[in-house]
Structures are given as structure tokens and as C-alpha cells.
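This report concerns only the one structure given below.
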Amino acid sequence: MTSDIPTAWLQILQDTFAQLVPEYEILVYGSRVNGSAHATSDLDLVIRHPKTSDCPCPHLGRIRTALSDSNIPILVDVHDWAQLPSSFRQEIERNHTVLTKVL
């Protein structure tokens, strides 16, 4: 699956996550992945620690602030994997793409 995210936005996202949470992986889901996005659709992201996925991310507030203050002209909606219901996790697992991955 691919995501419908402009290159300039990708760079901002990757830089932000590399600076704030390099140890986390970021998944894209929703309309930007399933092909139903339009120009002003929001960007749905979920942050997940690859080793301790049930542990909440302590930096979520800083991430949301940084993305809100960025030059990305749409709403970037970031969720914490550890705080999502298992049914929503399963839905994301079925249809997502990886924005950043920890090696």
C-alpha cells in the first residue's frame, strides 16, 4: 500500500519524528492510504514502539504540537498505538503503510 502524501510533507514528517521519537515507527492509515483522500483530507498517523507496543508514548503532546506548528496545511491526526482499542488496531493492521520504521 502507498500513501497519498506530498514529498514536502513527507520530509517534514520524517524530520519531526526522527528528532522527537527516533525509536518509534509511524504508520499511516485512513483515506491517504485507501485512495479516498481529497486535497484537504486529514492525515491519520499512529505511533508505535516496535518492542513495547503496549507502552504509551510519553512524547505524544510534543509531536502533536510540532506537527500543528509545521507547514503542513492540513490536520495531522496522531494517535498512540498503546491507547487504541484492539479492534481499531486490527483495522489499521489490515490497511496501512509505514512512514518511518526503526531499523
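Quick note: the sequence shown uses the working numbering, first residue 1234, plus one each step.
Glycine is no exception: its CB is placed at the ideal position from the N, C-alpha and C atoms.
On a predicted model such as this, the values are computed, not experimentally measured, just so you know.
Notebook entry, point to check: Counting along the chain, where does the beta strand (DSSP E) carrying Ile1280 start and finish?
Noted result: From DSSP, the beta strand (DSSP E) with Ile1280 extends over 1276 to 1281.
Notebook entry, point to check: Which residues bound the alpha helix (DSSP H) around Asp1248?
Noted result: First-last of the alpha helix (DSSP H) with Asp1248: 1240 to 1253.
Next item on the list: Put Ile1307 into one of helix, strand or coil per three-state DSSP.
Entry: Looking at Ile1307 - three-state DSSP - the assignment turns out to be coil, as it is neither helix nor strand.
Note to self: Can you give me the C-alpha to C-alpha distance between Pro1291 and Leu1253, rounded to a whole angstrom?
What the structure shows: When rounded, the distance between both Cα atoms is 11 Å.
Notebook entry, point to check: Is Arg1265 buried or exposed, if buried means 16 or more other CB atoms sit within 10 Å of its CB?
Noted result: Arg1265 is buried by the Cβ-count criterion.
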